[in-house]
Amino acid sequence: MTEWLTARDVASLVGCHYITVARALESGELHGHQRHRGGRWRIHPDAPDVWVQGGDSAAPCGCSNVVPFRRPKGTAA
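Going letter by letter, the sequence shown gives residues 1 to 77 in UniProt numbering.
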């Protein structure tokens with residue numbers, strides 16, 4: 001079983017601030033998973049290297065149809 005990384009783990013691996021990683025995750029630039037909105041991010045261990053090189057960071061975990069979460073209109077944040 002693969003040991004998934006947190007945003008702080010990824011930040012220390014690539015040499016940036018964890019907020020930079022969190023923003024990349026929220027924008028979809030870096031692929032990761034959350035159990036629920038606002039929960040902790042989990043990132044496949046191979047995704048940070050692909051992200052830094054500018055590739056598709058969803059490929060290492062095997063996700064094909066990734067759809068970003070969109071809150072329905074008229075609901076509170």
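Glycine included, every Cβ here is placed at the ideal spot set by N, Cα and C.
Check                                                                                                       : Outcome
Where L13 sits in the DSSP three-state scheme                                                               : helix
Assigned secondary structure, L30 (DSSP; H/G/I helix, E/B strand, else coil)                                : coil
As assigned by DSSP and simplified to three states, the class of R35                                        : coil
Proximity below 8 Å, CB of S57 to CB of L13                                                                 : no
Beta-carbon proximity list for V21, same chain, < 7 Å, skipping 5 on both sides                             : A7, V10, A11 and L30
Best match in D49, E26, G15 and V52 for proximity to R37 [C-alpha to C-alpha]                               : E26
Sequence-distant residues of the same chain with beta carbon closer than 6 Å to P48, five excluded per side : V10, L13 and V14
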